[in-house]
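K.L.:
Protein sequences, first through last, are from chains A and B. Residues in the first sequence are numbered from 1 upward in steps of one, following my numbering. Residues in the second sequence are numbered from 1001 upward in steps of one, following my numbering. Note that beta-carbon positions come from the ideal geometry of N, C-alpha and C, so glycine has one too.
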Amino acid sequence: MNILLRKVTIADPVSAHNSSVKDIFISNGIIQKIADNIDDSADQVVDGQNTTVSPGWVDIFAHFADPGYEFKETLESGANTAAAGGFTRVFVLPNTNPVVQNKTQVEYIVQKSSSLPVYIQPLGSITKNGEGKELAEMYDMQASGAAAFSDGTNPVQSAGLLVKALQYVKAFNGVVVQVPMDKSIGQYGLINEGVVSTRLGLPGIPAMAEEIIIERDLKLAQYANSSIHFTGVSTAKSLEYIREAKEAGIQVTCSVTPYHLYFNDEDLASYDTNLKVTPPIRNKEDVEALKEGVRSGLVDCIASHHLPQDWDNKVCEFEYAKAGMLGLQTAYAVVQSVLPDLSANKIAALFSSNARSIFHLSAASIEEGSQAELTLFKASGTTTLAKETNKSKSSNSPFFDKSLKGEVVGIINKGNIFINK
Amino acid sequence: MELSTRHLLGIKDLTKDDINLILSTAEQFKEVLQRPVKKVPSLRDVTIVNLFYENSTRTRMSFELAERRLSADVLNFAASSSSAAKGETLLDTVNNILSMKVDMVVMRHSASGAPHFLAKHIPAAIINAGDGINEHPTQALLDAFSMREKTGRLEGLKVAIIGDIMHSRVALSNIYLLTKMGAEIMVAGPPTLIPKYITDAFGIRVEYNIKKALEWCDVANVLRIQLERQNQPLFSSLREYNIAYGINRRLLESLKKEIVIMHPGPINRGVELDSDVADGPFSIILNQVENGVAVRMAALYLLANRQE
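1. Are any of the Cβ atoms in chain B nearer than 7 Å to that of Phe-318(A)?
2. Quick one: Cα of Asn-1268(B) to Cα of Pro-280(A), how far?
3. Counting only C-beta atoms, is Thr-384(A) closer than 7 Å to chain B at any point?
4. Is any beta-carbon of chain A found at less than 7 Å from that of Asp-1200(B)?
5. When the Cα of Thr-1059(B) is compared with those of Arg-1108(B), Leu-1075(B), Ala-1213(B), which residue comes out closest?
6. Just the C-alpha distance for Thr-273(A) and Gly-1087(B), rounded to the nearest angstrom, thanks.
7. Give, in chain order, every unbroken run of the beta strand (DSSP E) that is at least 3 residues long and sits entirely within the stretch 102-132 of chain A.
8. Report the start-end ranges of each alpha helix (DSSP H) in the stretch 1080-1158 of chain B that is 4 residues or longer and not cut off at the edges.
9. Under 7 Å, Cβ to Cβ, is there at least one residue of chain B near Glu-198(A)?
10. Buried or exposed for His-1310(B), going by 16 or more other Cβ atoms inside 10 Å?
11. With a cut-off of 8 Å, do at least 3 Cβ pairs link the stretch 374-381 of chain A to the stretch 44-54 of chain A?
12. Considering Cα atoms alone, identify which of Ala-363(A), Lys-33(A), Gly-124(A) is closest to Ile-3(A).
13. Just curious, the alpha helix (DSSP H) that Pro-1036(B) is in, first and last residue?
14. Using alpha carbons as the reference points, say which of Glu-1290(B), Val-1046(B), Leu-1223(B) lies closest to Ala-1124(B).
15. Considering only the alpha carbon of each residue, which of Phe-61(A), Gln-251(A), Ser-27(A), Ala-35(A) lies closest to Phe-351(A)?
16. Under three-state DSSP, which class holds Gln-309(A)?
17. Using beta carbons (cut-off 7 Å, strictly below), is Phe-1235(B) in contact with chain A?
18. Is the separation between the beta-carbon of Ile-1210(B) and that of Tyr-1245(B) shorter than 7 Å?
19. Name the residue from Val-195(A), Arg-199(A), Asn-225(A) whose alpha carbon lies nearest to the alpha carbon of Val-169(A).
20. Hey, does Ala-1241(B) have any beta-carbon neighbour from chain A nearer than 7 Å?
21. For chain A, is any of its Cβ atoms less than 7 Å away from the one on Asn-1055(B)?
22. Pull up the CB-CB distance for Thr-382(A) and Lys-405(A), whole angstroms please, since I reckon it's below 8 Å.
23. Return the bridge partner residues of Cys-254(A) from the DSSP annotation.
24. Taking DSSP as the reference, what is the three-state secondary structure of Ile-1019(B)?
25. In terms of residues, what are the limits of the beta strand (DSSP E) holding Lys-314(A)?
26. With a CB to CB cut of under 8 Å and the five nearest residues on each side skipped, what residues in its chain are close to Glu-1308(B)?
27. Quick check: what's the CA-CA separation for Glu-1290(B) versus Phe-1117(B)?
28. Flag Ala-194(A) as yes if its beta-carbon sits less than 7 Å from any beta-carbon of chain B, otherwise no.
29. Among Leu-1021(B), Phe-1282(B), His-1121(B), which one has its Cα closest to the Cα of Glu-1253(B)?
30. Based on Cα-Cα distance, which residue from Phe-400(A), Ala-65(A), Arg-199(A), Ser-77(A) lies nearest to Val-118(A)?
31. Indicate whether Gln-329(A) and Gly-85(A) have their beta-carbon atoms separated by less than 7 Å.
32. Just to make sure I have the definition right: I need the residues of chain A whose C-beta is within less than 7 Å of the C-beta of Ala-1111(B). Which are they?
33. Would you verify that the beta carbon of Tyr-108(A) is, or is not, closer than 7 Å to some beta carbon of chain B?
34. By how many angstroms is the C-alpha of Ala-82(A) removed from the C-alpha of Val-90(A)?
35. Whose Cβ in chain A lies nearer than 8 Å to the Cβ of Ile-1133(B)?
36. Taking His-1116(B) as the query, report the chain A residues whose CB atoms sit under 9 Å from its CB, ordered along the chain.
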C-alpha cells in the first residue's frame, strides 16, 4: 500500500525535518521519501493542512482485560480504541486471568496483536500470580516480547522483594513500573483524603500513601542501581521527590494520567463513580503541580491508565464501584485541553519519544528509510467522545459528550493507515 | 413556603430557611402528637417504602410511626430478609419496588452516597435515613429541635460533639446543621477517631481532653462508638476508652456549670456514657426520641407536598 501525506508539519526532534512542512511518501510500511512536493501516485492521500505528524504514540499503562475479563475489553476492541486515540503501541497490564507471568501468556498477547492495528506488548508480572511474594520469570518474558515489568493495579508492597526485582532485571535491561501506593495506609479509603473527603463523608486515601512508596522505591532503585518508572503519579510532593532523585542521578522516570491533570477532588461532589480511580483524583494544588511538571519536563510521559469497567461495576453505590476509567481514546484531547500551550514537539516527547527511550523501543523517527509508525493529529481540532464513536467495549468515561480541544486524525502503522471518521 | 430541594439527602444541601421551615413545621406536629387523636390525613394516598440496608431500631420505628401518623401507606424492607441477601442490586430492588407505585423512599445504607446514587436514577423523592459515614439528616434536625427546645436557641450555642467523629454520620450532619444555624462547634475524642482535615473543612475546634470539652460546651452530643464501622483498630480497648473519654456523673459534677447531655442511640452503656449520666437529670436522650417522630413527620410532609 502506498500512502502520501501532503503538507504535514513534522514533529520529531531527532529528525532533520523537524518543524518543517513536507510531503511524505510511504510504501509497504517504509518512509520512502520526504520532500517539499511529491507527485508519486498513492492508494491513499491525506491532506495535511493544520496536521502534525509525530513518531507513533506509545501508551505504557492500559488494561485490555484479555484473557479473563473479555466482557470489559478484548485485545481487539482495545487495539481499535488505542488506534482511534492515536496510539501505535500499547503496554497492557498483567492483571488478567490468568496473570501474565510467563512466556505463554506474553506470546498469546504478542501474537494476537499481530493482526491488529497497533502493537500490543504486555507488562509482565513482577511476581507470580501478581501476589507480591515470589519473582515471576521476567527474563523469559522479556525475551518473548514483554515491554517491562509491573504488578499493575496491585503494586508490589514488600520492599525486600522489590529490591530483588530491581536487581534481577538489570541483567537484561528490564524496567520496573510501579503505581506508587502503600496499601496499608488508607486501606479502606475511597477518594483523596482532605477537605473534600471530610465534607462528603467518604473515607480518605492520604497523599502520604503514595509519597512514602515513592521515597522508599527511589532508595531501592538507587541501592540496586536499576531503572524504575512510576506511573499515575498524583501529588505535588511525589513530583518533588522524583525531581530530587533525578538530580541525584537515580534512574527514575515517571508518567501522569490525563485525568489527574483534568479533574480535582471537588469534582467528586456528586459521587460520580467514573471518577473513582487509583491513585485517587487529588486536590487543586496537586493538579497544578502535575501540570507544571508536564510543562517543565519533570514528567516524562502521559500514561492513559485506560481501565475499562462494565456497567454493573460502575452504575452502583460509590463504595461498591470498581476503580478506573477509559483513557486511550481521549488521552490526547484531555491533555491538549488542560495544557493548550504545549508545542507539537512537547506532545511528541510526552506521547512517544520519551517512552521509546525509557523502554528501549525503536525511535520510529521520521526519516527516509525508517519504518512508518506515525501519529497524525491536529491541535486546532476538537474531540467529543460519543456513544457512536467509542471503540471500547466499556463506557466508564466522564468525557462522554464533552467538547475537548485537539483531535487525532489517525495513525499509520504496520503498512496501513487508520483514519478516524 | 416550601423546601428548596426535592430530596432530603443531607443537611449539606439545605439552606437556613429550609432548616427553619422543617423545625417550625415539626413544632406543629409535636403539638398534634399531644392530642388524643394523633393521626392527620396529610399523606393519604402517598405510599412510602422504608428501605433499610442496615439494622436500625429507633430510626426505622420513628419513620414508620411518622408515616402512619400522616396516614401514608407504608411498606417496610429490610435487606437481611429480602432478595438483597440473594445479591440483587440496589437499583434493581428499588426499580422493582417503584413499579408497584411507590411515591417516596426512605433509605438507610452502609455506603456513603448511596441515596445520591439513587436520586440520579429514580423519580421518587428520597429521604436519607443514614448513609455510611456521610449524613443522617433527620437525626441532626431532631438534635437541633431538641437543643433549641431545651436551651431556647441555636445561634451562639456551644455544642461539643464527642466520640467517634470519623465514623459518624450524625457528627457530619450535626456539623453542617449547627454551622448553618450559627452555633459554635467543638469535636472531641481520641485523635484516631477525628478526621485529620476537620478544622480545614469546617473551621471547628478539636479537643482531645474530654474534661476541657465539657467545661467549654453548653450541650454535649455524645456519639456511639461505631465498632461495626471500624475496619482496623483505632483505640486499644473499650475499657481504656471509658477511662479516657467516657462521661460519668462524677465528671459532670466536677464542672462548674450544668450542661445538656444528648446521645443519638443506641448507647454503649459503660463505654461512652455511664448509666448514671444516660438516665440522669442532665440527659435529654428520650426527648430526642420523642421529637424524632415530629421532625420526621415535618420532613415527610414538606417533601410530599413539594412534589405535587
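P.N.:
The structure says:
1. yes
2. 36 Å
3. no
4. yes
5. Arg-1108(B)
6. 20 Å
7. 119-124
8. 1090-1098, 1114-1121, 1137-1151
9. As written in the sequence, residue 198(A) is Thr, which differs from the Glu given in the question. Interface residue, yes.
10. This structure leaves residue 1310(B) out entirely; chain B is present only between 1001 and 1308.
11. yes
12. Lys-33(A)
13. Here Pro-1036(B) belongs to no alpha helix (DSSP H), and DSSP marks it neither H nor E.
14. Val-1046(B)
15. Phe-61(A)
16. coil
17. no
18. yes
19. Asn-225(A)
20. Note that residue 1241(B) is Tyr in the sequence shown, not Ala. For Tyr-1241(B), the answer is no, since every Cβ of chain A falls outside 7 Å of its Cβ.
21. no
22. 6 Å
23. Phe-230(A)
24. helix
25. From DSSP, Lys-314(A) is part of no beta strand (DSSP E); its letter is neither H nor E.
26. Here the model assigns Glu-1308(B) a pLDDT of 48, short of 50, so the residue's position is not dependable, and the following value carries that caveat. Result list for Glu-1308(B): empty, nothing under 8 Å.
27. 31 Å
28. Checking the sequence, you will find Gly at residue 194(A) rather than Ala. At least one chain B Cβ lies under 7 Å of Gly-194(A).
29. Phe-1282(B)
30. Ser-77(A)
31. yes
32. Glu-317, Phe-318, Glu-319, Tyr-320
33. no
34. 7 Å
35. Gly-201, Leu-202, Pro-203
36. Ser-270, Tyr-271, Phe-318
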